[in-house]
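Below: one structure, written as structure tokens.
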Amino acid sequence: MDNYNTWQERFYHETEREDREEIFEQGLKEEGTTRENEFRQKLWNLRYAPNKRDKSEVDHFFRGFLTLDNLGRTKPGFFNGKYIRREIASLRSIWGLDLAEEYGELGKTLHYEEMKHLARTYITICQDDKNFSTMILGVGKLSKDKLAEKIADKVFFLARVVPGMHHCEKTVEPFADAMIEVYFEMYPKKADRRRLQARLDGVKAEEISE
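Numbering (our numbering), first residue to last: 1045 to 1254.
Here it is, written out as structure tokens:
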């Protein structure tokens, strides 16, 4: 039993796609096509609607994770400049940043909620994924503390290291802020919060006390 009072709260916290779609459909029945729901529908289509290349259900927003991860392994330089600029520009279309701007403050607010949902989904997958939560060479399972630390590392890498490396902080800002906020939301204990906060404050991982 959740503690959410509105369908919107349930919509942004439900990570199972089919259940989320049912919540949205019920919300549309209750409210109709308001300007808020019109924007939500457009974001939904951008994120989930299949294209000709999709052989199964796809969350297109996750392409942004792959893009940032690849950029994190690409050193800035003359020969990589065109590729890096193209990949950074692609994030605007992948995440619907231009669409959000068309709706002004409303678009900015609801788009950020969608970015937080993306972050919740990603962190939930990291928590549940056997490959992510295993030790080197797939032997043994990480403790909850070590898993929290690994997720904090990944959040910091995607939200701060990569944007700083390629000077795309403004483009990535909604995603980066959402990732950090949601990590703190999903890891409310002081010890877990400190793992990410220390990185944000510039403390090296080996200096963070358990």
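Even for Gly, the Cβ is constructed at its ideal location relative to N, Cα and C.
TODO: Determine the direct distance from the alpha carbon of CYS1170 to that of LYS1185, and round the result to whole angstroms.
DONE: One-based indexing of the sequence shown puts residue 1185 at position 141. One-based indexing of the sequence shown puts residue 1170 at position 126. Using only the alpha carbons, I get a separation of about 13 Å.
Open item on the list: My output table needs one value for LYS1194: the three-state DSSP class, helix, strand or coil.
Closed with: As a position in the sequence shown, residue 1194 is number 150, starting the count at 1. Helix, per DSSP.
Open item on the list: Could you give the first and the last residue of the continuous alpha helix (DSSP H) run that contains VAL1216?
Closed with: By one-based count along the sequence shown, residue 1216 stands at place 172. First-last of the alpha helix (DSSP H) with VAL1216: 1213-1230.
TODO: Might you give, ordered along the chain, the residues of its own chain that have their beta carbon closer than 7 Å to the beta carbon of LYS1086, omitting 5 neighbours on each side?
DONE: One-based indexing of the sequence shown puts residue 1086 at position 42. Same-chain partners within the cutoff: LEU1143.
Open item on the list: Let me check understanding here. Comparing Cα to Cα, which of ASN1089, ALA1222, ASP1103, ARG1097 lies closest to LYS1152?
Closed with: Mapped onto the sequence shown, residue 1152 falls at position 108. It is ALA1222.
Open item on the list: To the nearest angstrom, how far is the alpha carbon of ASP1172 from that of GLU1082?
Closed with: Numbered from its first residue, the sequence shown carries residue 1172 at position 128. Numbered from its first residue, the sequence shown carries residue 1082 at position 38. Spanning the two alpha carbons is a distance of roughly 33 Å.
Task: Pairwise C-alpha distance: TYR1127 and ILE1224 - done: Within the sequence shown, residue 1224 is the residue found at index 180, counting from 1. Within the sequence shown, residue 1127 is the residue found at index 83, counting from 1. Answer to the nearest angstrom: the Cα atoms are 27 Å apart.
TODO: Decide if GLU1069 is buried, meaning its Cβ has at least 16 other Cβ atoms within 10 Å, or exposed.
DONE: As a first step, residue 1069 must be located in the sequence shown, where it is residue number 25. GLU1069 should be labelled exposed.
Task: As assigned by DSSP and simplified to three states, the class of LYS1188 - done: Position 144 of the sequence shown, counted from the start, is the residue given in the question as residue 1188. If DSSP states are grouped into helix, strand and coil, LYS1188 belongs with the helices.
Task: Span of the alpha helix (DSSP H) around TYR1147 - done: As a first step, residue 1147 is located in the sequence shown; it is residue number 103 there, counting from the start. Careful: TYR1147 lies outside any alpha helix (DSSP H) and carries neither H nor E.
TODO: Label THR1165 either buried or exposed according to how many other C-beta atoms from any shown protein chain fall within 10 Å of its C-beta, with 16 as the threshold for buried.
DONE: The sequence position of residue 1165 within the sequence shown is 121, counting from 1. Buried, by the Cβ-count rule.
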